[in-house]
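Residue 16 is where the sequence shown starts when you use this note's numbering, and the numbers rise one by one after that. Note that the Cβ used here is the ideal one computed from N, Cα and C, for glycine as well. A short write-up of the structure that comes next.
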Amino acid sequence: MDSTTTTQAPITTIAEVGRHEGETVTLRGWLYNLRESGKLLFPIFRDGSGLIQGVVAKNAVSPEIFDAVKGLTQESSVIVGGKVRADKRAPGGYELDVGNVQVLQRVSEADPYPITPKEHGVDFLMEHRHLWLRSPRQAAILRVRAEIIKAARGFFDERGFTLTDPPILTPAACEGTTTLFPVDYFEEQAYLTQSGQLYIEATAMALGKVYSFGPTFRAEKSKTRRHLTEFWMVEPEVAYATLDDLMDLAEGLISFLVKRCLERRRADLEIIGRDVSKLEKIAPPFPRITYDDAVKMLQEGHAKGAVENRFEWGGDLGSPDETYLSSQFEKPVMVHRYPATVKAFYMEPDPRRPELALCVDVLAPEGYGEIIGGSQRMASYDLLVKRIREHNLPESAFKWYLDLRKYGSVPHGGFGMGIERAVAWICGLEHVRETIPFPRMLHRLYP
Ligand code: 4AD
Ligand code: MG
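See the structure below:
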């Protein structure tokens with residue numbers, strides 16, 4: 016017998032005990048909670064895949080085993096042997112009649128596990144994020160995140176997209192110079208990437224339909240429930256795509272992700288407390304409104320007293336504006352054709368109204384706001400040079416990017432979806448900080 020098994024019984028996980036009904040199994044995990052009632056002990060174990068309640072009857076086990084369980088403290092690591100019994104009242108549908116326990120480490124009462132089932136403040140939990148992750152709700156969120164990432168990759172893989180990884184160290188800005196993280200790159204100035212977009216425009220010209228999926232960085236000084244300084248973005252980029260094609264793609268992606276989570280992560284969504292009836296409504300078509308329409312809605316909202324400040328045409332939508340707009344719809348709303356002046360330098364102007372950019376932001380419902388931003392890209396060499404100069408960007412760093420407009424330039428476009436924003440909405444969370452194992456934010460670099 017090695018140190019990781021206590022009995023000959025097959026090792027399984029809590030998620031899979033249902034396959035072993037009536038059999039004796041070995042589970043390896045931690046004590047989550049312990050209740051006592053006379054000669055019965057009810058330890059709840061967790062193993063990362065779920066929770067299961069055990070039952071230990073004093074007259075059914077040796078005194079050593081009974082005392083070992085009785086003395087267990089929260090988060091003590093244990094290997095448990097027991098018989099799986101179906102129980103309709105049990106949360107996972109099964110209970111374990113414990114016959115054997117091996118305690119790997121008993122957490123000392125002198126230095127107990129700091130996160131107890133009672134309420135803790137957010138600051139305390141963030142300081143203990145490395146432990147907070149063990150709580151069932153946090154683990155459920157991470158499983159939903161993993162499902163969303165897998166589904167997003169699958170969505171593109173199955174539609175003829177090729178995954179191409181852009182660099183993380185870059186010489187220039189993609190999304191404005193105010194949120195760059197500088198990196199000392201030998202003798203040169205480099206920055207952590209804000210988006211893979213510029214690079215996947217090059218790979219799209221090579222491969223047609225591509226996507227990237229990786230970490231992106233913004234030195235956001237804003238402390239909001241939507242901003243991280245390090246976040247993950249999935250970005251498709253498509254040669255010959257028009258704005259309408261991009262909106263179809265975004266609508267398809269979001270609907271697919273939600274459907275997948277409902278199919279495969281319903282139990283986790285329940286643990287999180289998500290009202291899944293809201294997610295069940297997410298299917299194409301999504302409403303598509305122009306920026307002009309959005310301005311009208313905001314001004315009407317202001318007249319009704321539902322929007323604090325009167326929104327003027329020409330401004331960028333702020334968080335409260337997005338919250339208001341997105342709470343007007345049950346599905347994500349796609350707002351297209353913003354004024355070019357509030358958007359990035361690379362966006363193609365609308366030929367009918369060149370003051371507008373052929374761009375789209377997708378705002379998630381229930382007040383979640385922007386989860387996707389994208390556009391058609393500027394195809395003209397001359398106009399792009401002009402824009403790079405207007406935005407005071409270093410032309411030399413964009414020479415390669417301009418080459419793409421010299422050698423067979425075509426209309427093309429793409430978008431980026433922030434994984435954490437999508438997870439926050441699908442899970443119905445207050446704040447993006449719970450959507451990523453170790454969030455990086457203004458004033459948060461530990462743990
Ligand atoms: O709208 P953004 O800035 O667009 C781009 O970066 C484009 N280059 C993408 C493209 O067209 N390929 O960012 C895209 C998405 C946002 O809609 C949002 O979901 C997320 O990235 N995002 C953030 N998420 C968390 N924290 C932040 N600070 C974020 N900034 C953007
Ligand atoms: Mg944006």
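Residue i - partner residues in DSSP beta bridges
| i | result |
| --- | --- |
| Ile387 | Val377 and Met432 |
| Lys224 | Val253 |
| Ile183 | In DSSP, Ile183 forms no bridge with anything. |
| Ser52 | Leu55 |
| Asp365 | Arg368 |
| Arg100 | Glu110 |
| Ser92 | Trp45 and Gln120 |
| Leu66 | Arg61 |
| Gly229 | Met248 |
| Pro197 | Tyr206 |
From the options, residue whose alpha carbon lies closest to that of residue i
| i | options | result |
| --- | --- | --- |
| Leu277 | Glu162, Lys73 and Tyr396 | Glu162 |
| Ala75 | Lys103, Val113, Phe57 and Gly86 | Val113 |
| Ala379 | Arg325, Leu268, Val159 and Glu323 | Leu268 |
| His446 | Pro182, Leu417, Thr239 and Val377 | Thr239 |
| Gly229 | Pro181, Gly65 and Leu398 | Pro181 |
| Glu31 | Glu323, Leu42 and Gly320 | Leu42 |
| Val93 | Gln117, Arg100 and Ile80 | Gln117 |
| Ser390 | His406, Ala412, Lys414 and Val350 | Val350 |
| Phe232 | Ala187, Val225 and Glu203 | Ala187 |
| Gly388 | Leu264, Glu370 and Thr194 | Leu264 |
| Leu332 | Gly320, Glu345 and Leu313 | Leu313 |
| Arg241 | Val122, Phe453, Pro25 and Glu449 | Glu449 |
| Asp62 | Arg303, Gly86, Asp172 and Ala155 | Ala155 |
| Glu345 | Leu371, Ser292 and Thr356 | Ser292 |
| Arg273 | Lys296, Pro454, Pro106 and Met262 | A small fix is needed here, since residue 273 is Val in this sequence, not Arg. It is Lys296 whose Cα lies nearest to the Cα of Val273. |
Cutoff 8 Å; reference residue i; Cβ partners in own chain excluding five residues on either side
| i | result |
| --- | --- |
| Ala394 | Glu363, Arg420, Ser424, Val425, Pro426 and His427 |
| Asp126 | none |
| Arg402 | Phe360, Tyr361 and Met393 |
| Glu203 | Pro186 |
| Ser210 | Cys189, Glu190, Thr231, Met248, Glu250 and Gly431 |
| Leu157 | Leu148 and Pro452 |
| Leu408 | Ala187, Ala188, Thr192 and Phe360 |
Proximal residues to residue i (C-beta, below 6 Å), its chain only, five neighbours per side dropped
| i | result |
| --- | --- |
| Glu266 | Pro299 and Phe301 |
| Ile451 | Glu435 |
| Ser342 | Gly382 |
| Leu460 | none |
| Lys73 | Lys54 and Phe81 |
Cβ shell of residue i (< 7 Å), same chain only, five flanking positions each side left out
| i | result |
| --- | --- |
| Gly433 | Phe246, Met248 and Ile386 |
| Ser18 | In this predicted model, Ser18 has a pLDDT of only 49, less than 50, meaning its place in the structure is not dependable; the value taken from the coordinates is given anyway. So the list is empty, once near-sequence residues are dropped. |
| Trp147 | Ile130, Leu140 and Gln153 |
| Tyr255 | Val425, Pro426 and His427 |
| Lys236 | Leu457 |
| Tyr200 | Leu184 |
| Thr305 | His351 and Arg352 |
| His143 | Pro129 and Ile130 |
| Val198 | Leu184, Ala205, Tyr206 and Leu207 |
| His135 | none |
Complete alpha helix (DSSP H) runs within the segment 107-143 (minimum length 4 residues, chain order): Within the segment 107-143, the complete alpha helix (DSSP H) runs of at least 4 residues are 137-142.
Any 3 or more C-beta pairs closer than 8 Å across the segment 270-284 and the segment 435-450: Short answer: they touch.
Taking the runs of the beta strand (DSSP E) that are 3 residues or longer, which of them lie wholly in the segment 274-347? Segments of the beta strand (DSSP E) lying fully in the segment 274-347: 303-305.
Indicate whether the contact test is met: 3 or more Cβ pairs, each with one atom in the segment 374-389 and one in the segment 336-345, closer than 8 Å. In the pairwise beta carbon analysis, the segment 374-389 is classified as touching the segment 336-345: at least three pairs are separated by under 8 Å.
Across the segment 96-103 and the segment 45-55, are there enough close Cβ pairs to call them in contact, namely three or more that are closer than 8 Å? Too few Cβ pairs lie closer than 8 Å, so no.
Residue ranges of each beta strand (DSSP E) run of no fewer than 3 residues wholly in the segment 414-459, ordered along the chain? Counting whole runs of 3 or more residues, the segment 414-459 contains the beta strand (DSSP E) stretches 427-433.
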